[in-house]
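Mapping of the sequence shown onto my numbering: residues 322 to 589, in sequence order.
Here a beta-carbon is modelled for each residue, glycine too, at the ideal position from N, C-alpha and C.
Only a predicted model underlies this, so the values are computations on that prediction, with no experimental measurement involved.
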Amino acid sequence: MTPRDYWYCFVGVQKREWLRFWQQRTRFASALVRPLLWLVVFAAGFRMVLGVSIIPPYVTYITYETYIVPGLCGMIILFNSMQGALSMVYDRELGSMRVLLTSPLPRPFLLLTKLLAMGSVSVAQVYVFLLIARWGVGVRPPLEGYLAVLPALLLASLMLGALGLLIATWIKQLENFAGVMNFVIFPMFFLSSALYPLWRMQEASPWIYQLCLLNPFTHAVETLRFALYLQWNGEAATITLATTLVLAALAIGGFRPQRTRLLGMPIN
Numbered sequence: 322m323t324p325r326d327y328w329y330c331f332v333g334v335q336k337r338e339w340l341r342f343w344q345q346r347t348r349f350a351s352a353l354v355r356p357l358l359w360l361v362v363f364a365a366g367f368r369m370v371l372g373v374s375i376i377p378p379y380v381t382y383i384t385y386e387t388y389i390v391p392g393l394c395g396m397i398i399l400f401n402s403m404q405g406a407l408s409m410v411y412d413r414e415l416g417s418m419r420v421l422l423t424s425p426l427p428r429p430f431l432l433l434t435k436l437l438a439m440g441s442v443s444v445a446q447v448y449v450f451l452l453i454a455r456w457g458v459g460v461r462p463p464l465e466g467y468l469a470v471l472p473a474l475l476l477a478s479l480m481l482g483a484l485g486l487l488i489a490t491w492i493k494q495l496e497n498f499a500g501v502m503n504f505v506i507f508p509m510f511f512l513s514s515a516l517y518p519l520w521r522m523q524e525a526s527p528w529i530y531q532l533c534l535l536n537p538f539t540h541a542v543e544t545l546r547f548a549l550y551l552q553w554n555g556e557a558a559t560i561t562l563a564t565t566l567v568l569a570a571l572a573i574g575g576f577r578p579q580r581t582r583l584l585g586m587p588i589n
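Structure (structure tokens):
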């Protein structure tokens with residue numbers, strides 16, 4: 322295999338993912354409804370209850386809407402990554418991934434290419450959300466922050482995509498996937514710094530605070546938050562990167578083309 326063959330495969334997978342995204346416009350709309358609901362409706366109700374003090378990376382008091390925007394960016398990536406993992410399992414059994422896995426290209430390259438393709442779609446949705454938040458709600462991070470946050474967005478999408486793929490590889494019946502995801506998505510999201518500062522968690526419950534610290538999604542959100550405001554959180558970025566590498570290695574190592582069953586019937 323030549324570098325041209327690898328590049329041809331990479332571009333092909335990217336094009337197919339974007340074509341699917343273009344054909345499923347309702348998926349794009351639904352991905353924005355959830356965070357916008359939090360930003361517009363819930364933030365209005367919680368504004369007086371959850372005042373946010375001066376905490377890094379902010380240099381002054383901020384509104385609750387300003388605080389939760391990075392967390393809602395993480396929400397978009399989290400839900401899209403889990404949905405993408407499900408679609409990857411279907412593709413593996415009945416779609417394009419089944420064909421790709423018969424190619425001479427290494428399986429790790431194919432899976433990482435697929436994760437990057439799904440991540441690029443999630444990143445595009447995040448940027449649309451950030452523009453709506455800027456012009457519709459008035460959450461205005463520095464303009465340079467929109468570019469600085471791009472590596473953090475890609476890293477978060479890879480970490481969460483690898484997590485979804487890892488879970489999908491061990492689910493034998495696809496009809497159980499959605500139920501299992503609920504036990505992953507909601508604890509990861511609510512036991513994090515996406516909606517409220519960790520110091521408030523520490524005041525409310527020390528043991529829940531420790532769970533938040535152990536949650537890799539917390540560190541992904543903090544990496545996004547600091548990058549969006551042109552600051553560097555080395556600890557959060559390092560933990561996110563290390564978690565991404567571990568999850569990717571486990572997901573790629575555990576990926577088996579014949580593991581999943583559709584409607585209780587094995588695929589041969």
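Check your understanding: Using DSSP with H/G/I as helix, E/B as strand and the rest coil, what is isoleucine 453?
Key -> helix
Review point. Taking just the CA atoms, how far does proline 425 sit from leucine 437?
Key: 20 Å
Check your understanding: Within the chosen definition, does the stretch 477-484 reach the stretch 561-575 through at least 3 CB pairs nearer than 8 Å?
Key -> yes
Exercise for review: Quick one: grab the DSSP three-state call for threonine 564.
Suggested key: helix
Exercise for review: Please go through the stretch 480-551 and give each complete alpha helix (DSSP H) segment of 4 or more residues, from N-terminal end onward.
Suggested key: 498-511, 519-525, 527-535, 537-549
Practice item. Closer than 8 Å by C-beta to glutamine 552: which residues in its own chain qualify, once you throw out the five before and the five after it? Chain order, please. Key: Pro377, Pro378
Review point. Is the stretch 384-393 touching the stretch 449-465, taking contact as three or more C-beta pairs under 8 Å?
Key: yes
Exercise for review: Just the C-alpha distance for leucine 532 and lysine 336, rounded to the nearest angstrom, thanks.
Suggested key: 39 Å
Review point. The alpha helix (DSSP H) with valine 334 in it runs from where to where?
Key: 324-344
Review point. Considering only C-alpha positions, which residue in the set Leu451, Thr434, Arg546, Ala445 is nearest to tyrosine 329?
Key: Thr434
Point to revise | Delimiting residues of the alpha helix (DSSP H) encompassing leucine 468 | key: 464-469
Exercise for review: Return the CA-CA distance between leucine 519 and proline 324, expressed in angstroms with no decimal places.
Suggested key: 46 Å
Practice item. Consult DSSP for isoleucine 376 and reduce its assignment to one of helix, strand or coil. Key: coil
Check your understanding: Short check: CB of leucine 353 to CB of glutamate 386, under 8 Å?
Key -> no
Review point. Hey, how far is the Cα of asparagine 401 from the Cα of tyrosine 530?
Key: 26 Å
Review point. Using the C-alpha atoms, what's the distance from leucine 474 back to valine 595?
Key: Shown here, the chain extends from 322 to 589; a query on residue 595 therefore has no answer.
Check your understanding: With DSSP run on the structure shown, which of helix, strand or coil describes tryptophan 553?
Key -> coil
Review point. Going along the chain, which residues of its own chain have a beta-carbon closer than 6 Å to the beta-carbon of methionine 522, five neighbours each way excluded?
Key: Ile529, Tyr530, Cys533
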